[in-house]
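**Student:** Residue numbers (this note's numbering): 228 to 695. Take a look at the following structure, please.
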Amino acid sequence: MMEFKATIGGKPAPVGSGFAVLNPATGKEVGRAPNMGEAELNAAVAVAKAAFVSWSAQSDEALQRACAAVTAKIEEHAAELAEIITLEQGKPLNGLGSRWEVGGAVAWAGYTTGLSLPAKVLQDNEQGRVELHRKPLGVVGSITPWNFPVMIAVWHILPALRTGNTVVIKPSPFTPLSTLRLVEIMNEVLPPGVVNVVTGDDKAFNLGAAMSGHPDIRKIVFTGSCATGQKVMQSAAATMKRLTLEMGGNDAGIVLPDADPQTIAEGLFWGAFINNGQTCAAMKRLYVHESIHDAVCDALAAYAQNIPVGNGMDEANILGPIQNRMQFDKVSRLVADAKGRGRVLIGGEPGEGLFFSPTIIAGLRNGDALVDEEQFGPALPIILYSDVEEAIRLANDSPNGLGGSVWSTDIEAAKKVASRMACGSVWINKHGAIQPNAPFGGVKTSGVGVEFAEEGLAEYTDIQVVFA
Ligand code: NAD
Numbered sequence: 228m229m230e231f232k233a234t235i236g237g238k239p240a241p242v243g244s245g246f247a248v249l250n251p252a253t254g255k256e257v258g259r260a261p262n263m264g265e266a267e268l269n270a271a272v273a274v275a276k277a278a279f280v281s282w283s284a285q286s287d288e289a290l291q292r293a294c295a296a297v298t299a300k301i302e303e304h305a306a307e308l309a310e311i312i313t314l315e316q317g318k319p320l321n322g323l324g325s326r327w328e329v330g331g332a333v334a335w336a337g338y339t340t341g342l343s344l345p346a347k348v349l350q351d352n353e354q355g356r357v358e359l360h361r362k363p364l365g366v367v368g369s370i371t372p373w374n375f376p377v378m379i380a381v382w383h384i385l386p387a388l389r390t391g392n393t394v395v396i397k398p399s400p401f402t403p404l405s406t407l408r409l410v411e412i413m414n415e416v417l418p419p420g421v422v423n424v425v426t427g428d429d430k431a432f433n434l435g436a437a438m439s440g441h442p443d444i445r446k447i448v449f450t451g452s453c454a455t456g457q458k459v460m461q462s463a464a465a466t467m468k469r470l471t472l473e474m475g476g477n478d479a480g481i482v483l484p485d486a487d488p489q490t491i492a493e494g495l496f497w498g499a500f501i502n503n504g505q506t507c508a509a510m511k512r513l514y515v516h517e518s519i520h521d522a523v524c525d526a527l528a529a530y531a532q533n534i535p536v537g538n539g540m541d542e543a544n545i546l547g548p549i550q551n552r553m554q555f556d557k558v559s560r561l562v563a564d565a566k567g568r569g570r571v572l573i574g575g576e577p578g579e580g581l582f583f584s585p586t587i588i589a590g591l592r593n594g595d596a597l598v599d600e601e602q603f604g605p606a607l608p609i610i611l612y613s614d615v616e617e618a619i620r621l622a623n624d625s626p627n628g629l630g631g632s633v634w635s636t637d638i639e640a641a642k643k644v645a646s647r648m649a650c651g652s653v654w655i656n657k658h659g660a661i662q663p664n665a666p667f668g669g670v671k672t673s674g675v676g677v678e679f680a681e682e683g684l685a686e687y688t689d690i691q692v693v694f695a
C-alpha cells in the first residue's frame, strides 16, 4: 500500500490514521489520506498567506521560471502519477486514460507558464496616462472533483502561481492520493507555503465548505457538481471571494441529416464515453435526424462492441470501472428507468463491482430521466428528431450549458446550428476537445467564469488602474 503525506508549508503534516482510499476496480484499499479539520486548514491558509508576501513580489520572469520548473517536475514524475491515478480513480493507464491525463496536465502547465498579462496603456495624451495593471489576489483555494484529479489540479494551480498567488488545494475524498503526491513533487522546486494541500473525508468536517467561507482565502476555483458549486457561491458571499466555478453539464450532440454514420461513429463514441462518461464536457444526450437514425444507432453500437473494459492496470483495457458507489448507483437507476422507456442498443446491465459496460439506449425523449439528468457515467441516450429547429429547441431545453456539438458534412451549415446552441463551447464533428489556448467555461447553471488562455489567467487577478 502506498504512503501519502500532506504538504503544508513545505513540510509533511502530521497524518494520523487517515481515511481509506479504494481502488474502484477491486474494492481494495490503495492508500490512506490524512483526515484533516479546521486546525490543519487554518495552518495551511496561514502559511500560504505568509508565503504570498515574497512570492507575489517576484518579477514576472521569476514567476515564469518557477512555473517552468513545476512543469518539468510533473513531466519527470508522469509515469508515477499516472499509476496512482489509475489505482485510485479507475481509468486505464492506456487509451484516453491516466497517461493521457498526465500528458494533458504537462501540456497545460507548459502553455500556462508561457502566458502573460502585461500592463495595458489605456490612454496616453495631454489629459494624462492611464494604465491597467493585473495584481495577484492572495491565497487561492482550489477544490477539485474525482474524475481528472491531476489534470484539474494543474488547471487550478498553475494559473494561480503564474499570476503570483499562493494555493491551498483540497482534492475529492475519492481521489486524494495523486494530488498529495503532485503537491509533494511541486514542493521540491517551490518555496515553502506556496502550494499546500489539505484532505478530508467530508464526514465530520467539510473542508470545502470551510474554505469557501475562510476570511483569508481570496478566491475559490471550484470544479464539481452544480449543487456544490451553488453552496460555494453562497458561502463565498460574506467575504466577496473571486470565483471560478466549473460545474456540471448535460451536453447535447445534434447529428444533421447529411452526416455519414460510419465516419462519425468513433467520434460520437469517444465524445460520450471518454473516462467512462465521467467527464464534465462529455456528450450526454444525442439527437439524431430520423433519416439516418437507425444507421447511426447501428454504427455506434458496432463501435462500442469492441471496447475492452476492465482493470485499468491491464494495458489491454481502455475503459475502467465507474469511480465510486454513489455514481454507480446513479447510473444504474437512470439506466433501469430508461430501459422501460427505450430500446437498449448495447449494454444496459451492471457488471461486477463498479463495472458497467458502455450502454446506449435509443427511443428516449426529453422528460426521460436519462436525458434530463447529468448521468456522468457510461450511458448515452439517443433521441430521434425530424426537424432541425426542434432538435435545437430540445438541446437548449436544459438548465446546463457547458458544451455542445453538431455533426455534419456541411461545416458552414453545422456552424449555423452550433451558433444557436446555448453553451460555452461548441464543436463540429467532435465533442469535448478542450485545449489550453481556448477559454473554457459554462453558461447558465454550468458555471461562472472561464479557465485557460489569457481570459482564464485574468481570473486570478484583480485589476488596478493607475491614473497619472
Ligand atoms: P462534487 O460537487 O460532489 O465535489 C467536488 C468537490 O467539492 C470535492 O472536492 C468535494 O469534497 C467538495 N465539496 C463537497 N461539499 C462541499 C461544500 N459544501 N463546499 C465546497 N466544497 C465541497 O463533484 P464530484 O462528484 O466530485 O464531480 C462530478 C461533477 O463535477 C459533475 O457534475 C461534473 O460535471 C463536474 N465537473 C465539471 C467540470 C467542468 O470543468 N465544468 C470538470 C469536471 C467535473
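C-beta atoms are modelled at their ideal positions from N, C-alpha and C, and glycine is treated no differently.
1. Given that a residue counts as buried once 16 or more other Cβ atoms are within 10 Å of its Cβ, and exposed if not, what is Gly594?
2. Considering only the alpha carbon of each residue, which of Val394, Leu359, Val357, Pro376 lies closest to Val367?
3. Suppose only complete runs of 3+ residues qualify. What are the beta strand (DSSP E) ranges in the region 338-377, listed by chain order?
4. List in chain order: all unbroken alpha helix (DSSP H) runs of 4+ residues lying wholly within the region 596-622.
5. Given the structure, does Met467 come close to ligand 1, in the sense that its CB is under 8 Å from one of the ligand's heavy atoms?
6. Alpha carbon to alpha carbon, how far is Phe279 from Gly365?
7. Mapping DSSP to helix, strand and coil, what is Gly258?
8. Assign Asp351 to buried or exposed, taking buried as 16 or more other Cβ atoms, counted over all protein chains shown, within 10 Å of its Cβ.
9. Should Lys397 be counted as a contact of ligand 1 given a C-beta to heavy atom distance under 8 Å?
10. How many Å lie between Asp624 and Val274 at the Cα?
11. At a cut-off of 8 Å, would you count Asn433 as near ligand 1, judging by its Cβ distance to the nearest heavy atom?
12. Can you check DSSP and say which residues form a bridge with Trp634?
13. Spatial neighbours of Gly578 within its chain, please: C-beta separation below 7 Å, excluding the five flanking residues on both sides.
14. By the DSSP assignment, the alpha helix (DSSP H) with Asp521 in it spans what residues?
15. Between the Cα of Leu391 and the Cα atoms of Ile545, Ala479, Asp287, Val523, which residue gives the shortest distance?
16. Straight-line CA distance for Gly498 to Ala680?
17. Alpha carbon to alpha carbon, how far is Ala734 from Ser283?
18. Between the Cα of Val329 and those of Gly355, Asp485, Thr636, Arg408, spot the shortest distance and give me the residue it belongs to.
19. Please state the DSSP three-state secondary structure of Met263.
20. What do you reckon, are the CB atoms on Ile311 and Lys318 nearer than 9 Å?
21. Hey, Leu248 and Lys232: beta-carbon distance below 9 Å or not?
22. For Ile610, verify whether its CB is less than 8 Å away from any heavy atom of ligand 1.
23. Confirm, please, whether the CB-CB distance from Val425 to Ile396 is below 9 Å.
24. Does the distance from the C-beta atom of His520 to that of Ile379 stay below 9 Å?
25. Return the chain-ordered list of same chain residues with a C-beta closer than 7 Å to the C-beta of Ile384, the five sequence neighbours on each side being excluded.
26. Looking only at DSSP bridge pairs, what is Asn321 linked to?
27. Could you say which of Gln550, Met413, Val515 lies nearest to Leu495 if we only look at CA atoms?
28. When we look at the beta-carbon of Met510 and count the other beta-carbons within 10 Å, is it buried (16 or more) or exposed?
29. DSSP state of Gly674, grouped into three classes?
30. Can you check whether the CB of Asn503 is closer than 9 Å to the CB of Leu546?
31. For ligand 1, I want to know if Leu684 counts as a neighbour, meaning its beta carbon is within less than 8 Å of at least one of the ligand's heavy atoms.
32. Could you give the C-beta distance for Leu388 and Gly674, rounded to a whole number, given that I count them as a contact under 8 Å?
33. Please tell me whether, using a cut-off of 8 Å, the distance from the CB of Glu601 to the nearest non-hydrogen atom of ligand 1 is below it.
34. For Phe582, does the count of other Cβ atoms within 10 angstroms reach 16, so buried, or fall short, so exposed?
35. May I have a chain-ordered list of the beta strand (DSSP E) segments no shorter than 3 residues that lie completely inside the region 560-585?
36. Identify whether His383 lies in helix, strand or coil by the three-state DSSP scheme.
**Tutor:** With the structure as the only source:
1. exposed
2. Val394
3. 347-352, 355-363, 366-370
4. 596-599
5. no
6. 6 Å
7. strand
8. exposed
9. yes
10. 46 Å
11. yes
12. Val482
13. Ser584
14. 520-532
15. Residue identity differs from the one stated: residue 391 is Gly in this sequence, not Leu. Here the closest residue by C-alpha is Asp287.
16. 23 Å
17. Residue 734 cannot be examined here, being either before or after the span of the chain that is shown, 228 to 695.
18. Arg408
19. coil
20. no
21. Note that residue 248 is Val in the sequence shown, not Leu. Not in contact: Val248 and Lys232 (Cβ atoms no closer than 9 Å).
22. no
23. yes
24. no
25. Ser369, Val394, Ile396, Val422
26. Looking at the DSSP assignment, Asn321 forms no beta bridge with any residue, so it has no partner.
27. Val515
28. buried
29. strand
30. yes
31. no
32. Leu388 to Gly674, Cβ: 22 Å. No contact.
33. yes
34. buried
35. 570-573
36. helix
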